Amino acid sequence: MKKDIRKLEKDIRKLKKDIRKLEKDIRKLKKDIRKLKKDIRKLKKDIRKLKKDIRKLKKDIRKLKKDIRKLKKDIRKLKKDIRKLKKDIRKLKKDIRKLEKDIRKLKKDIRKLKKDIRKLEKDIRKLEKDIRKLEKDIRKLKKDTTTCNQDDTRFVATPI
Numbered sequence: 069m070k071k072d073i074r075k076l077e078k079d080i081r082k083l084k085k086d087i088r089k090l091e092k093d094i095r096k097l098k099k100d101i102r103k104l105k106k107d108i109r110k111l112k113k114d115i116r117k118l119k120k121d122i123r124k125l126k127k128d129i130r131k132l133k134k135d136i137r138k139l140k141k142d143i144r145k146l147k148k149d150i151r152k153l154k155k156d157i158r159k160l161k162k163d164i165r166k167l168e169k170d171i172r173k174l175k176k177d178i179r180k181l182k183k184d185i186r187k188l189e190k191d192i193r194k195l196e197k198d199i200r201k202l203e204k205d206i207r208k209l210k211k212d213t214t215t216c217n218q219d220d221t222r223f224v225a226t227p228i
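Heads up: take any position in the sequence shown, counting from 1, add 68, and you land on my numbering.
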């Protein structure tokens, strides 16, 4: 009987330890979510900046084309600059697509993390319920043990 109680107490300690670990995991996941949200905000800001840069680069291209018409002697140099700028634009557009893909992935990750948190919170509630039941069972076992001990005492004390 005492062995069972010790086992139950050991199980309770393990469950409490598991709860602490799960709570720690939840805090970490929440921290990760905050970081991911911060990263998303930064990425969105970066996208806006890149879009602004693209608009500026497109404006520069138009200016360069105008300069080509005005400055025939520099035409080869300006064409070279235009090709480079166009390449930059393609690269920036590619970077934007990648950033947008990253944002979608981060949003998906956030949804998964939120789902994981909900599951962990549910698991914690179940573990807490199990602990309460185990504690109740322990109290009942202790009470039953006391009753048995009292019955044993009465049995021994009663002459035959």
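C-beta atoms are modelled at their ideal positions from N, C-alpha and C, and glycine is treated no differently. Model, not experiment: these values are computed from the prediction.
If you draw a straight line from the alpha carbon of residue i to that of residue j, how long is it in whole angstroms?
i           : j           : result
residue 155 : residue 163 : 12 Å
residue 204 : residue 215 : 16 Å
residue 186 : residue 98  : 11 Å
residue 213 : residue 69  : 8 Å
residue 145 : residue 137 : 13 Å
residue 101 : residue 87  : 21 Å
residue 202 : residue 73  : 10 Å
residue 81  : residue 168 : 47 Å
residue 134 : residue 104 : 44 Å
residue 193 : residue 166 : 40 Å
residue 71  : residue 191 : 28 Å
residue 149 : residue 121 : 16 Å
residue 207 : residue 109 : 53 Å
residue 79  : residue 183 : 28 Å
residue 176 : residue 123 : 30 Å
residue 211 : residue 96  : 41 Å
Within its chain, find whatever has a CB closer than 6 Å to the CB of residue i; leave out the 5 residues flanking it on each side and keep chain order.
i           : result
residue 152 : none
Starting from the C-beta of residue i, find all residues in its chain whose C-beta is less than 7 Å away, skip the five residues before and the five after it, and write them out in chain order.
i           : result
residue 236 : Since the first residue of the chain shown is 69 and the last is 228, residue 236 is not available in this structure.
residue 107 : 174
residue 75  : none
residue 116 : none
residue 181 : 97, 100 and 101
Let me see if you follow: with CB-CB separation under 8 Å, is residue i close to chain E or not?
i           : result
residue 209 : Included in the structure is just one protein chain, with no chain E present.
Using 8 Å for Cβ pairs, my map puts residue i next to residue j. What's the rounded Cβ distance?
i           : j           : result
residue 160 : residue 118 : 6 Å
residue 188 : residue 93  : 6 Å
Looking only at its own chain, which residues have a Cβ that is under 8 Å from the Cβ of residue i, when we skip the five neighbours before and after it?
i           : result
residue 196 : 87
residue 125 : 153, 156, 157 and 160
residue 198 : 83
residue 77  : 206
residue 132 : 146, 149, 150 and 153
residue 209 : 69, 72, 73 and 76
Next on the checklist: Going residue by residue through the stretch 166-223, where are the continuous alpha helix (DSSP H) segments of at least 4 residues, counting only ones entirely within it?
Outcome noted: With a minimum length of 4 residues, there is no unbroken run of alpha helix (DSSP H) contained wholly in the stretch 166-223.
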